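In order, the protein sequence lines correspond to chains A and B.
Residue 214 in the working numbering sits at position 214 of the first sequence, and the numbers go up by one each step.
Residue 185 in the working numbering sits at position 185 of the second sequence, and the numbers go up by one each step.
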Amino acid sequence: MADAIRIDKLQKTFRLGFIPKTRPILKGISFSVREGEIFGYLGPNGAGKTTTIKCLLGLIHPDAGTIEIFGRSHLSPRSREPLGFLPENPYFYDYLTAREFLAFTADLFGLARKETGGRIARLLKLVGLERAADLPLRKFSRGMLQRAGLAQALINDPKLVILDEPLGGMDPLGRKEIRDIIVRFKDEGKTVFFTSHILQDIEMICDRVAIIVGGRIVKEGALRDLVSERVLFTEATVSGLFPDAFRGLAESVSVQGDRVLLRIFEESKVGEVLDLVRAHKGRLVSLSPRTETLEDIFVETVTRT
Amino acid sequence: MKIWAIAGITFKEAKRDRILYLLFFFAALGIVASRALAVLTVGDRVKIIKDVGLASISVFGVLMAILIGTGLVYKEIDKKTIFTLLAKPLHRAEFILGKFLGLVLTLFVMTLAMSLIFLAIVYAHTLKIEGVLLVAVGYIFLELVLITAVAVLFSSFSTPILSSLFALAFYLIGHLSWGLELIIKKMRPGAGKALVRALYTFLPDLENFNFKTEVVHGLPIPPGIYVSAFLYGVCYTAFILGLAVLVFRRRDFI
Ligand SMILES: Nc1ncnc2c1ncn2[C@@H]1O[C@H](COP(=O)(O)OP(=O)(O)O)[C@@H](O)[C@H]1O
Ligand SMILES: [Mg+2]
């Protein structure tokens with residue numbers, strides 16, 4: 001089975017400005033996305049995520065390297081047939097209504113008008129734009145545009161969905177919705193490739209990730225291989241005691257009213273803290289061990305490079 | 001058809017452009033005012049109406065072609081709507097051709113509307129519908145098609161203002177280059193003559209599309225000239241569009 005995406009030693013240098021100055025943006029990127037998985041392409045702002053996607057879509061000509069989509073060179077427009085794409089900032093014709101826009105998108109795939117009508121209605125429902133379907137896009141909020149963008153990315157029932165910052169501009173509820181949709185894609189057998197610079201609440205949905213920093217992949221692999229089960233520290237919230245009481249056992253992070261948030265770095269000391277609370281007739285409000293998250297790895301690799 | 005989808009969206013967008021209606025208004029004004037002008041002058045009034053009317057259609061048509069031609073391609077790149085387009089299974093050539101056809105369709109509708117006003121004004125004067133005038137209008141339209149291709153070519157790598165200036169320069173050169181033909185006739189054979197001849201072959205000669213005088217004065221035109229003017233327009237347009245595709249294919253959209 002061919003990989004959904006295979007990128008090999010991709011390089012791109014921008015020449016910008018009136019007197020062109022060369023700036024390497026992608027410095028030899030290689031990774032592949034397997035069919036049927038959710039792949040997170042993560043990195044801080046300006047790392048080169050969008051540039052990688054633009055190379056993949058043929059918007060930018062790479063200086064070196066090869067890209068294959070389902071085993072087909074990305075240079076052929078046909079390689080984009082099984083593909084749906086949501087751009088980072090949704091730029092669409094703002095005088096079209098959502099429904100007209102989707103019909104136009106269907107035309108670009110050469111889909112027959114007969115079959116698109118029903119599909120458009122289904123997609124509008126999927127992304128929650130049923131009631132705004134006949135409103136021009138210029139009246140849409142950023143989040144609504146993002147939804148319209150998602151709908152147009154799905155018009156050809158793609159095998160591979162590429163989403164550039166799909167959670168950007170979304171409120172918490174919207175983020176959850178999009179996350180659920182992404183998971184549903186996977187259940188339908190689609191491959192999802194998406195970028196993000198925010199890690200909270202996406203890590204549980206990725207099968208594998210690649211982390212790009214400064215135009216280089218610094219980590220790639222299955223999430224469970226990257227993230228260990230190791231407990232980093234335990235957080236405890238207690239009330240009825242002064243923070244000073246825990247000196248030597250734990251670090252007090254913050255105090256709110258009579259509540260103290262503690263961070264206990266040695267597992268052996270967790271028991272001692274609990275004993276102390278009991279001895280002083282204090283109350284334990286919460287206790288939670290923090291294992292390593294993607295965010296920790298991310299922050300670690302980004303600050304190291 | 002993907003090309004038609006792009007042509008359709010281009011037409012839709014062009015229809016929303018106020019500049020188009022402003023130019024149309026001035027063209028209509030020119031055509032209608034030709035009557036007033038005719039009253040004030042001595043000589044053949046009908047001829048003046050026809051002359052001024054055709055000139056209005058030609059001049060404002062060219063301005064329309066240049067302004068919407070350079071504006072619409074650039075806007076697509078500038079507003080980044082092109083990202084979603086080119087991410088589809090679409091050749092860049094299809095994009096260029098679609099844009100071009102949409103613009104041509106727009107100009108066709110505009111030329112048609114201007115011609116109707118023009119024919120009505122002439123009718124008001126002569127009480128005859130003079131279909132032969134449409135021959136001149138047809139070749140004006142062919143010229144607009146070529147100018148549109150030029151506008152698309154320039155705007156595939158340049159800003160609207162520069163592209164408009166380039167396209168305008170193309171138009172002016174195209175209407176002055178026939179002078180070279182006279183020069184060639186008067187030159188002695190030699191390297192200089194060959195050079196000027198090469199220059200003349202390469203430069204556009206838009207006077208090829210000018211049948212205004214013949215039509216207005218009812219002069220006979222050999223059919224061969226019609227055919228060669230038509231072929232000249234079609235081939236030159238195809239050549240310019242080919243260049244536009246070549247330029248556009250090399251571009252990065254960052
Ligand atoms: N239009 C542009 N003009 C100038 N520089 C750009 C442009 N687009 C991207 N860049 C540069 O390319 C680098 C990578 O950008 P990008 O791929 O958009 O990053 P990401 O998507 O990871 O945030 C950035 O450092 C940015 O400065
Ligand atoms: Mg980006």
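Beta carbons are placed, not taken as given, at the ideal position from N, Cα and C, and that holds for glycine.
Since we're looking at a predicted model, the values are computed, not measured.
Separation of residue j from residue i, as counted between CA atoms
i, j, result
"B:ILE19", "B:PRO189", "49 Å"
"B:PHE230", "B:VAL73", "26 Å"
"A:GLY117", "A:GLY110", "14 Å"
"A:ARG72", "A:ASP3", "10 Å"
"A:GLU68", "A:ILE7", "6 Å"
"A:LEU226", "A:ILE297", "8 Å"
"A:ASP244", "A:ARG278", "16 Å"
"A:GLU220", "A:PHE246", "40 Å"
"A:GLU229", "A:PRO289", "11 Å"
"B:LYS211", "B:ILE140", "The sequence shown places Phe at residue 211 of chain B, rather than the Lys named in the question. Their Cα atoms are separated by approximately 8 Å."
"B:LEU142", "B:TYR226", "12 Å"
"A:VAL231", "A:GLY214", "30 Å"
"B:LEU203", "B:GLU181", "11 Å"
"B:LEU86", "A:ILE60", "10 Å"
"B:ILE96", "B:THR106", "15 Å"
"B:ALA198", "B:TYR232", "16 Å"
"B:ARG16", "B:ILE9", "11 Å"
"A:VAL299", "A:VAL218", "12 Å"
"B:ALA33", "B:ALA120", "13 Å"
"B:THR70", "B:CYS235", "21 Å"
"B:GLY218", "B:ARG249", "47 Å"
"A:ILE202", "A:MET170", "13 Å"
C-beta contact flag for residue i and residue j at 8 Å
i, j, result
"A:LEU274", "A:LEU284", "yes"
"B:GLY174", "B:LEU206", "yes"
"A:GLY189", "A:GLY36", "yes"
"A:TYR41", "A:THR195", "yes"
"A:HIS74", "A:LEU56", "yes"
"A:TYR91", "B:THR159", "no"
"A:ILE212", "A:ALA47", "yes"
"B:PHE239", "B:ILE77", "no"
"B:MET114", "B:ALA28", "yes"
"B:MET110", "B:GLY61", "yes"
"B:VAL52", "B:GLY30", "yes"
"A:ALA132", "A:ILE120", "no"
"B:PHE157", "B:VAL247", "yes"
"A:ILE38", "A:ILE182", "yes"
"A:GLY65", "A:LYS9", "yes"
"A:ILE5", "A:PHE193", "yes"
"A:LEU108", "B:LEU90", "yes"
"A:LEU145", "A:VAL127", "no"
"A:GLU130", "A:LEU123", "no"
"A:ALA153", "A:ALA98", "no"
Residue i, enclosing beta strand (DSSP E) - first and last residue
i, result
"A:GLU251", "251-256"
"A:THR195", "191-196"
"A:PRO24", "21-33"
"A:LYS219", "216-222"
"A:ARG283", "283-291"
"B:LYS193", "No beta strand (DSSP E) contains B:LYS193, which is instead part of the alpha helix (DSSP H) from 191-202."
"A:ILE5", "5-16"
"A:ILE53", "Careful: A:ILE53 lies outside any beta strand (DSSP E), inside the alpha helix (DSSP H) at 49-57."
"A:GLU68", "64-69"
"A:GLY40", "38-42"
"B:ARG92", "Note, B:ARG92: premise wrong, no beta strand (DSSP E); alpha helix (DSSP H) at 92-126."
"A:ARG208", "208-213"
"B:GLY224", "B:GLY224 -> not in any beta strand (DSSP E); alpha helix (DSSP H) instead, spanning 223-250."
Unbroken alpha helix (DSSP H) run spanning residue i, endpoints
i, result
"B:GLU181", "178-186"
"B:VAL62", "45-78"
"A:GLU235", "Here A:GLU235 belongs to no alpha helix (DSSP H); instead the beta strand (DSSP E) covers 231-239."
"A:GLY143", "142-153"
request  = Anything in the segment 88-101 of chain B with a Cβ closer than 8 Å to a Cβ of chain A? List those residues in chain order, please.
outcome  = LYS88, PRO89, LEU90 and HIS91
message = Beta carbons nearer than 7 Å to chain B: which residues of the segment 88-109 of chain A have them?
response = TYR91, PHE92, TYR93, TYR95, PHE104, ASP107, LEU108 and PHE109
query = Does the segment 11-29 of chain A come close enough to the segment 208-223 of chain B that 3 or more CB-CB pairs lie under 8 Å?
reply = no
inquiry  = Contact between the segment 229-241 of chain A and the segment 249-263 of chain A is defined here as three or more beta-carbon pairs at a separation below 8 Å; is this criterion met?
reply    = yes
task = Evaluate the contact criterion for the segment 141-155 of chain B versus the segment 62-81 of chain B: three or more CB pairs, one atom per stretch, below 8 Å.
result = yes
task = May I ask you to verify whether the segment 160-177 of chain B touches the segment 126-135 of chain B, counting CB pairs closer than 8 Å and requiring at least 3?
result = no
key: Cβ pair count under 8 Å reaching 3, the segment 150-167 of chain A against the segment 130-137 of chain A   = no
inquiry  = Closer than 9 Å between beta carbons: that is the criterion. Which residues of the segment 62-89 of chain B meet it against chain A?
reply    = LYS79, LYS80, THR81, ILE82, PHE83, THR84, LEU85, LEU86, ALA87, LYS88 and PRO89
Against chain B: residues of the segment 63-83 of chain A by CB proximity under 7 Å = PRO77, ARG78, ARG80 and GLU81
key: Stretch pair the segment 140-159 of chain A + the segment 78-85 of chain A: three plus CB contacts closer than 8 Å   = yes
Near-chain B residues of the segment 49-60 of chain A (beta-carbon distance less than 8 Å), N- to C-terminal order = THR51, LYS54, LEU57, GLY58, LEU59 and ILE60
request  = Check distances from the C-beta atoms of the segment 141-172 of chain B to those of chain A and list, in chain order, the residues that come in under 7 Å.
outcome  = none
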